[in-house]
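In this note's numbering, the protein residues as written are 1 to 300.
Shown next, in the form of structure tokens:
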């Protein structure tokens, strides 16, 4: 049985999965310099990661038996094409909620304590500046109250923050009311047609002057142009980003080099513990497939 990992990052997960596979199963990483479809012809199982698995890629393997996402999101997989071919699609939910929540907190704290400016002040031997803010007593708005959003709410409450939350059923009016009341907004919802561009001009215009915005979900949930305008106008106190509109990103993009922007290289879910949980699910489904048992977390 042959497995192909189709991602362009998160490579430690490959080692974690490989260590859990039974003998006789091979796992390799595709070469991004070559077309994906031409490298999966012998694959029995595809691990999409952040690759786009369109109908052509799904049709390419001669004996494709499973598409197993080593993550939660499946927006890059042509589910209709998989169904048409009769190939099951599974994901790995509930594996990195705590990791993502802790990364969101890291970004919030980095913004609150003006980390880019503080780093420069250290290099300049400037003592006691810049001035940060305390989080206790402030209001955190969480967009998406799944596992990571719920975990962040627990952490933030322990810091003395008040919590507001928006779910998929939250109306546009209530969403804008949350934006107006929160001192910090953290995004944890999935990317869907409804959430694409959710944090746009109207949302950002309603946010408090000096409020902080963190995105650990998907880049396109935030309108890039609207975010840049809000930062340039001094409307926001800062933005913390772990996800981007294009990946890999351009590290020389002026947006990412601003003093009021803190960035991480899409590592919110990348912890030893989260990768171990993901690898357990992936290897477990490989074994179930081989033994003819029902698959876990099947979505198509």
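Even glycine gets a Cβ: it sits at the ideal position worked out from N, Cα and C.
| task | Out of 190, 133 and 266, state which residue places its alpha-carbon closest to the alpha-carbon of residue 238. | result | 133
| field | Where residue 58 falls: helix, strand or coil (DSSP) | value | helix
| Of the choices 217, 212 and 219, whose alpha-carbon is the least far from that of residue 261? | 212
| message | Our contact map puts residue 143 next to residue 169 with C-beta atoms below 8 Å; I'd like the distance itself, whole angstroms only. | response | With a Cβ gap of about 13 Å, residue 143 and residue 169 do not count as contacting.
| query | Count the other CB atoms within 10 Å of the CB of residue 172; is the residue buried (16 or more) or exposed (fewer)? | reply | exposed
| query | How far does the alpha helix (DSSP H) with residue 28 in it reach, from first residue to last? | reply | That residue, residue 28, is in no alpha helix (DSSP H); its beta strand (DSSP E) goes 26 to 29.
| query | Measuring from the CB of residue 58, is there a heavy atom of the ligand ZN at a distance below 8 Å? | reply | For the ligand ZN, the structure offers nothing, since it holds no ligand at all.
| What residues match up with residue 90 in a beta bridge as DSSP calls it? | 68 and 298
| field | Host beta strand (DSSP E) of residue 119 (start-end) | value | From DSSP, residue 119 is part of no beta strand (DSSP E) but of the alpha helix (DSSP H) over 115 to 123.
| request: Measure the CB-CB distance between residue 22 and residue 290 and report whether it falls below 9 Å. | output: yes
| said: Using the Cβ count rule (16 or more neighbours within 10 Å means buried), how would you classify residue 97? | reply: buried
| request: Assign residue 215 to one of three DSSP states: helix, strand, or coil. | output: strand
| message | Looking at the secondary structure, which residues open and close the beta strand (DSSP E) in which residue 63 lies? | response | First-last for residue 63: undefined, no H or E at that position.
| message | Helix, strand or coil for residue 5? Go by DSSP, reduced to three states. | response | strand
| query | Straight-line CA distance for residue 59 to residue 90? | reply | 17 Å
| Hey, is the segment 111 to 123 in contact with the segment 64 to 82, meaning 3+ C-beta pairs nearer than 8 Å? | no
| query | Does the distance from the C-beta atom of residue 190 to that of residue 75 stay below 9 Å? | reply | yes
| query | When the Cα atoms are used, what is the spatial distance from residue 79 to residue 193? | reply | 16 Å
| Closest residue to residue 33 among 6, 14, 153 and 44 (Cα-Cα distance) | 6
| query | Looking at the structure shown, is residue 97 part of a helix, part of a strand, or coil, going by DSSP? | reply | helix
| Do three or more CB pairs link the segment 32 to 51 to the segment 7 to 16 at distances below 8 Å? | yes
| The alpha helix (DSSP H) spanning residue 284 covers which residue range? | 272 to 291
| request: Reducing DSSP to helix, strand and coil, say where residue 239 ends up. | output: strand
| query | DSSP on residue 210, reduced to helix/strand/coil? | reply | coil
| query | Can you tell me where the alpha helix (DSSP H) with residue 176 in it begins and where it stops? | reply | 172 to 181
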